[in-house]
Amino acid sequence: MKRCAVSIDLDGLPCYYRIHGLGRAPVELEHVILERALPRAAKLFSGRGMHVTWFVVGRDADADAALPDRAARTANAARLRELSEAGDELGNHSYSHPYELARLDGGAVDAEIAGCDRVLRAITGKPPRGFRAPGYDLSPAMLDSLARRGYRYDSSIFPAPGYYAAKAAVMAALALVGRPSGAVMTNPRALSAPPDPYRPAMAAPWRRGQAPLVELPVAVTPWARLPAIGTSLLVAPAAVRSRLIAAMAGRAFFNFELHGIDFADAERDGIPGELVARQPDLRVSVDAKLARLEAILDEIARTWSFATLAEVAADVQRTV
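Residue numbers (the working numbering): 68 to 387.
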């Protein structure tokens, strides 16, 4: 059975300010993704009768923390609780989304995973099953922490050389103009990782091994390994979108990743021009993006049935 899991990384606007070397994001927009974009996305998926996986940055929904904007974080937690109660999956995307997480020591890695784990348990009343690393950069220390906590899957590996090259070029350009990116380069060995679900090696997550959890790589096309994710599909011409989806037809599993910012609207949400100028998807209205996404999901539905990543992982656990 061919299955497609749609997942949405709920990175806040401050993450994009760090990526583009823009300094601190406006405080009043810190929660705009969960406050404005999330409801739009949830409406689209529920309207199609789909259950999806939301990867949550724990701090943004930590209602118990002695942090600023506690009311906003409490409201964010309530929105996520509604999604969980409706049948969607909430996954761990670290507590504070440090792009350098793979370079931190084991204790710091474990604290990030544990922090988000605590928030998700408070929201859902049950342990999370899956994790995605910030920047798709998975390390052995992360895998060790996940295994000890009983996670069923990771979904961080993104073996897309084209994406890697484009990211390197952007980071180099920013450094040249004295505005270094807050992002980090993914371990290049991950580019040779299997593109289909596999059981990773604990000491080398980009290789097959005997880990107790499975790896569900983010979608890339066969052969060329072009990224088949929201960032590329939503801004591509219709003909290119269709070709990318058709190229995926040989895969039994389509891990279609989106981001919360894909559901943001620069004008309606008051997103500053300095970010819009550097984030191509923000130059497309949310109405246009929603229409494109509906068309993309229609095309996907002709070949794959939809499931959450946890549901796919349960099947993969029995076969790899």
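Note that beta-carbon positions come from the ideal geometry of N, C-alpha and C, so glycine has one too.
- Runs of the beta strand (DSSP E) spanning 3 or more residues and lying entirely within the segment 264–327 occur at 271–275 and 320–326, in chain order.
- Counting the other CB atoms within 10 Å of its CB gives V244 a total below 16, which places it among the exposed residues.
- 8 angstroms or more divides the Cβ of R148 from the Cβ of I100.
- Annotation: A303 to E366 spans about 15 angstroms, alpha carbon to alpha carbon.
- DSSP places I338 in the coil class of the three-state scheme, outside both helix and strand.
- In the structure shown, G174 falls within a helical segment according to DSSP collapsed to helix, strand and coil.
- Of the candidates Y83, R70, D78 and A72, the residue whose Cα lies closest to the Cα of G249 is Y83.
- According to the DSSP assignment, A72 belongs to no alpha helix (DSSP H) but to the beta strand (DSSP E) extending over R70 to D76.
- The C-beta separation of P262 from P226 comes to about 6 angstroms, placing the pair in contact by the 8 angstroms criterion.
- The beta-carbon separation of I180 and S223, rounded to 12 angstroms, does not stay under the 8 angstroms limit for a contact.
- If you look at A108, you'll find it in the alpha helix (DSSP H) that goes L105 to G114.
- Distances from the alpha-carbon of E152 to those of H98, V119, A132 and P272 put V119 closest.
- The straight-line gap separating the alpha-carbon atoms of D131 and L96 is approximately 21 angstroms.
- Nearest Cα to A291 within the set T141, A109, E361 and R310: R310.
- The continuous beta strand (DSSP E) containing A374 extends over residues S372 to A374.
- P194 sits exposed, since fewer than 16 C-beta atoms from the chains shown fall within 10 Å of its C-beta.
- Boundaries around L157 are those of the beta strand (DSSP E), E156 to N159, since no alpha helix (DSSP H) includes it.
- Pairing V379 with A72 gives a Cβ-Cβ distance under 8 angstroms.
- D348 sits in a helix when the DSSP states are folded into three classes.
- The beta carbon of T141 sits closer than 6 angstroms to those of A130, all from its chain and outside the five residues before and after it, given in chain order.
- DSSP places F330 in the helix class (H, G or I) of the three-state scheme.
- Between the segment 272–284 and the segment 203–221, the count of Cβ pairs shorter than 8 angstroms is three or higher; the stretches touch.
- The beta carbons of F330 and A128 sit no closer together than 8 angstroms.
- Pairing P272 with A233, the inter-Cα distance amounts to about 23 angstroms.
- Annotation for L293: A227, G229, V287, S299, L311 and A314 place their beta carbon closer than 8 angstroms to its own, counting only its chain and skipping 5 residues before and after.
- Taking a contact as a CB-CB distance under 8 angstroms, the pair G202 and V251 counts as one, their CB atoms being some 6 angstroms apart.
- For G125, the three-state secondary structure derived from DSSP is helix.
- Take the alpha-carbon of W371 and the one of R196: they are about 23 angstroms apart.
- Annotated three-state conformation of D136 is coil, per DSSP.
- A direct Cα-Cα distance of roughly 45 angstroms separates A240 from G192.
- Taking the Cα positions, R85 is about 34 angstroms away from R115.
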